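Note sheet for the following structure.
Numbering (our numbering), first residue to last: 8 to 648.
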């Protein structure tokens, strides 16, 4: 198939450069040996060049990523289509369309609490590593250099993937950047190398997504044994940044951040953390409105009643980051508030909730007619068409893929904030199921809760993955995403990260902490409306303190303070959205059973942190939880304004 001037055609020159040019990257000796042995090495110089590579060449607009796998024969991993607004990738297996939460494996002998390769697969990683390098020596390869995170805050890095997996290289280059060889900084020396070895998924790992982190003496190697960029091109690099922070004493939080500008020109910066599906991307979205302009606050699942709000003018949003941030020491100031900056060059945006035209006009317009090409995953589009983010590929007839994605470069996002920001409010999002007296659950969190620092820390230790998570393969029941909600991507140790998080929270006491549910509040289906309403309300309040008549200790101590009264633009939010035990469908009985589930979950998860190297104050906070402490007990350990 031939393209008709779609995004990405290379102007002038050949797709491949001379193979000798890879020397400019100063690769480690073993990597240099690999590149020297490969039959062809394509040094990628731009995103546009990788688009052509992904599509099979400048004149092609459709390509199949195919491998000859011993014992399986011809395997089509994915199809790639060049479309008017970028590139669309679709995997042939539904399993490959979401991140496997158990993909990370550690292949070295350095300290870790993650599964080691030998423990999981019953053999040393060293021979598999050598086989992977030997396989790459037989392939035509694509290579490019980048900096993980930000210059001065992350290491120099190199990507090496099979040339026919150009879309994987494209995803990494869009997310982390690509440095043309003639623009490499002086002294560029890769300390991180990402290898793509997709056939080993079938040969050694039963078709599963496996990403091995190998922390050598001088080089940190990431072996991606699959072609889904989530656990490797994105979260693999995130693991590098988390490990770097663990060694140097800082945190790379899993969050989105937005500057909220009220109609009165007040500015509030909210940092929103949480497990996958916890509302990070949604915190950057404008409120979704009904056709008549109203906001659907919620729908009662028992009675069918609907409650609406009318907010004629919502706040303006200046997005800062959408998933990975850096709280590097070099950007902090002694003002009592945390500061951060984006760790990425593009955003890996999930669009499963956009299931029809008009749900999010802002994002629909941005992705349908972008000024730069985008990368779409799990979107149903044919070559030469326009990819639309509500056209999700189907995993089975009538069953849309729950994890459609689009990679959006930061530079095309309107009102993007490129500088360091100071965080006023630090929120944590939790996906919650419905809760009723007959079917109690942990869906007892009100519209939002105020947390003292000790409870804010505990929520980041247990990080509930929550109800019907759309981003990962495992979605059943309540499970933990692990410390910081970034544990699935961290190659190091849990307690080290727990200590860093506690130190960070205590060091910046002027940054407030709130807890926000999504999907359900008791018997009401609410979607992501709680965090949108909380965002509007908190921005309008600014730095004003809460009066004692506005808040009450929540019935469940783990929820800190519940709101007692809340007005937005002169409209009062019904109390049953603030204090779930007041809902007649739930009542104190249903609430208390849900609270018991939540308390049991905390006690189960927190046992992992009771180790000798845990911070003494952290041990007191955890013991307080294990002993069923009250809100007053937590406040004595860590006072709040």
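Cβ atoms here follow ideal geometry from the backbone N, Cα and C, with glycine treated the same way. Quick caveat: nothing in here was measured; it's all calculated off a predicted structure.
> Under a Cβ-count criterion, where at least 16 other Cβ atoms within 10 Å of its own Cβ denotes burial, should residue 421 be classed as buried or exposed?
Replying inline: Here residue 421 refers to the residue found at position 414 when the chain shown is read from its first residue. Classification for residue 421: exposed.
>> Is there a C-beta anywhere in chain B that falls below 9 Å from the one on residue 42?
In response: Protein chain content of the structure displayed is limited to a single chain, and chain B is not contained in it.
> Is the beta carbon of residue 519 sitting closer than 9 Å to the one on residue 457?
Replying inline: For the purposes of this step, residue 519 is identified with residue 512 of the chain shown, where counting begins at 1. For the purposes of this step, residue 457 is identified with residue 450 of the chain shown, where counting begins at 1. Yes, the pair counts as a contact, with Cβ atoms nearer than the cut-off.
>> At a cut-off of 8 Å, would you count residue 509 as near the ligand FAD, judging by its Cβ distance to the nearest heavy atom?
In response: Here there are no bound small molecules, and the ligand FAD is not part of this structure.
> What number of angstroms, rounded off, separates the C-alpha of residue 183 from the C-alpha of residue 165?
Replying inline: On the chain shown, residue 183 is found 176 positions in, with the first residue counted as 1. On the chain shown, residue 165 is found 158 positions in, with the first residue counted as 1. Looking at the two C-alpha atoms, the distance is approximately 11 Å.
> When DSSP labels each residue in this structure, what does residue 486 get in the three-state scheme?
Replying inline: The residue you call residue 486 lines up with position 479 of the chain shown. Coil at residue 486, not helix or strand.
> When you compare each of 320, 504 and 29 to residue 47 by their alpha carbons, which one comes out closest?
Replying inline: Here residue 47 refers to the residue found at position 40 when the chain shown is read from its first residue. Looking at the Cα atoms, 29 is the closest of the given residues.
> What does a CB cutoff of less than 8 Å around residue 69 pick up in its chain, not counting 5 residues either side in sequence?
Replying inline: Here residue 69 refers to the residue found at position 62 when the chain shown is read from its first residue. The answer, listed in chain order, is 8, 62, 63, 86, 87, 88, 89 and 390.
> Roughly how many angstroms separate the alpha carbons of residue 269 and residue 542, rounded to a whole number?
Replying inline: Looking up residue 269 in the chain shown gives position 262. Looking up residue 542 in the chain shown gives position 535. So the alpha carbons of these two residues sit roughly 10 Å apart.
> Thinking C-alpha only, which one of 53, 265 and 383 is nearest residue 91?
Replying inline: For the purposes of this step, residue 91 is identified with residue 84 of the chain shown, where counting begins at 1. Residue 383 is the option with its Cα nearest to residue 91.
>> Measuring CB atoms only, is the segment 297 to 308 touching the segment 392 to 409, in the sense that at least three cross pairs come out at less than 8 Å?
In response: no
> Quick one: is residue 126 buried, meaning 16 or more other Cβ sit within 10 Å of its Cβ, or exposed?
Replying inline: In the chain shown, the residue the question calls residue 126 occupies position 119. Result: exposed.
>> For a minimum of 3 consecutive residues, which ranges assigned as the beta strand (DSSP E) are wholly contained in the segment 508 to 570?
In response: 519 to 528, 531 to 534, 558 to 560 and 568 to 570
> Who pairs with residue 354 in a beta bridge, going by DSSP?
Replying inline: Stepping through the chain shown from its first residue, residue 354 is reached at position 347. Paired residue(s): 415.
> Would you say the segment 249 to 257 touches the segment 523 to 543, given that touching needs at least three Cβ pairs under 8 Å?
Replying inline: no
>> Let me check understanding here. Comparing Cα to Cα, which of 599, 521, 429 and 223 lies closest to residue 274?
In response: Start at 1 with the first residue of the chain shown, and residue 274 comes out as number 267. Residue 429 is the option with its Cα nearest to residue 274.
>> Within 10 Å of its beta-carbon, does residue 315 have 16 or more other beta-carbons around it, so buried, or fewer, so exposed?
In response: On the chain shown, position 308 is the one that residue 315 refers to. Residue 315 is exposed by the Cβ-count criterion.
> Are the beta-carbon atoms of residue 96 and residue 174 separated by less than 9 Å?
Replying inline: Taking the chain shown and counting its residues from 1, one reaches residue 96 at position 89. Taking the chain shown and counting its residues from 1, one reaches residue 174 at position 167. Going by C-beta atoms, residue 96 is nearer than 9 Å to residue 174.
> Between residue 544 and residue 485, which are expected to be in contact by the criterion C-beta below 8 Å, what is the C-beta distance as a whole number of angstroms?
Replying inline: Position 537 of the chain shown holds residue 544. Position 478 of the chain shown holds residue 485. That pair is no contact at about 28 Å.
> By DSSP, does residue 481 sit in helix, in strand, or in coil?
Replying inline: As a first step, residue 481 must be located in the chain shown, where it is residue number 474. Note on residue 481: pLDDT 47, under 50, position unreliable in the model; the coordinate value appears next. DSSP places residue 481 in coil when its eight states are reduced to three.
>> Pop quiz: residue 330 and residue 263 are said to be a contact at Cβ under 8 Å. What is the actual Cβ separation, rounded to whole angstroms?
In response: Counted from its first residue, the chain shown places residue 330 at position 323. Counted from its first residue, the chain shown places residue 263 at position 256. Yes, residue 330 and residue 263 are in contact; Cβ-Cβ is about 7 Å, under 8 Å.
> Buried or exposed: which applies to residue 239, given that a residue is buried once 16 or more other Cβ atoms fall within 10 Å of its Cβ?
Replying inline: Your numbering for residue 239 matches position 232 in the chain shown. With 16 or more other Cβ atoms within 10 Å, it is buried.
> Is the distance from the Cβ of residue 343 to the Cβ of residue 235 below 9 Å?
Replying inline: Position 336 of the chain shown, counted from the first residue, corresponds to residue 343. Position 228 of the chain shown, counted from the first residue, corresponds to residue 235. Cβ atoms of residue 343 and residue 235: not closer than 9 Å.
> Thinking C-alpha only, which one of 469, 338, 498 and 373 is nearest residue 280?
Replying inline: Counting from one through the chain shown, the residue named residue 280 turns up at place 273. Comparing Cα positions, the closest option is 469.
> Any idea what DSSP makes of residue 297, helix, strand or coil?
Replying inline: The count along the chain shown starts at 1 and reaches residue 297 at position 290. In this structure, residue 297 counts as coil in the three-state DSSP scheme.
>> From the DSSP secondary-structure annotation, give me the bridge partner or partners of residue 166.
In response: Numbered from 1 along the chain shown, position 159 holds the residue referred to as residue 166. Residue 166 is bridged to 151 and 201.
>> If I follow the unbroken beta strand (DSSP E) through residue 85, where does it start and stop?
In response: Locating residue 85 in the chain shown gives position 78, counting from the first residue. 80 to 90 is the extent of the beta strand (DSSP E) around residue 85.
> Among the residues of its own chain, which have a CB less than 7 Å from the CB of residue 81, if the five just before and after it don't count?
Replying inline: As a first step, residue 81 must be located in the chain shown, where it is residue number 74. Counting only Cβ-Cβ distances below 7 Å, and skipping sequence neighbours, we find 73 and 75.
>> Given this structure, state the Cα-to-Cα distance separating residue 440 from residue 588, to the nearest angstrom.
In response: Residue 440 sits at position 433 when you count from the first residue of the chain shown. Residue 588 sits at position 581 when you count from the first residue of the chain shown. Going by the C-alpha atoms only, they are around 15 Å apart.
> Are the beta-carbon atoms of residue 471 and residue 424 separated by less than 9 Å?
Replying inline: Taking the chain shown and counting its residues from 1, one reaches residue 471 at position 464. Taking the chain shown and counting its residues from 1, one reaches residue 424 at position 417. No, they are not a contact pair.
> To the nearest whole angstrom, what separates the beta carbons of residue 324 and residue 258, a pair I think is in contact under 8 Å?
Replying inline: Here residue 324 corresponds to residue number 317 of the chain shown, with the count starting at 1. Here residue 258 corresponds to residue number 251 of the chain shown, with the count starting at 1. Contact flag wrong, Cβ pair sits at about 24 Å.
> Just how far apart, CA to CA, sit residue 227 and residue 141?
Replying inline: Stepping through the chain shown from its first residue, residue 227 is reached at position 220. Stepping through the chain shown from its first residue, residue 141 is reached at position 134. If I take the Cα positions, the gap works out to 19 Å.
> Contact check, residue 283 vs residue 488 under 8 Å by CB: the rounded distance?
Replying inline: What you label residue 283 is simply residue 276 of the chain shown in a count that begins at 1. What you label residue 488 is simply residue 481 of the chain shown in a count that begins at 1. Sure, about 7 Å apart at Cβ, within 8 Å.
> Since residue 402 is in the beta strand (DSSP E), which residue starts that stretch and which ends it?
Replying inline: Reading the chain shown from its first residue, position 395 is the one you call residue 402. Run containing residue 402: 401 to 403, per the beta strand (DSSP E) assignment.
>> Out of 177, 631 and 57, which one is the CA nearest neighbour of residue 464?
In response: The count along the chain shown starts at 1 and reaches residue 464 at position 457. Measuring from the Cα of residue 464, the nearest candidate turns out to be 631.
> Any idea what DSSP makes of residue 407, helix, strand or coil?
Replying inline: As a first step, residue 407 is located in the chain shown; it is residue number 400 there, counting from the start. Three-state DSSP puts residue 407 in a strand.
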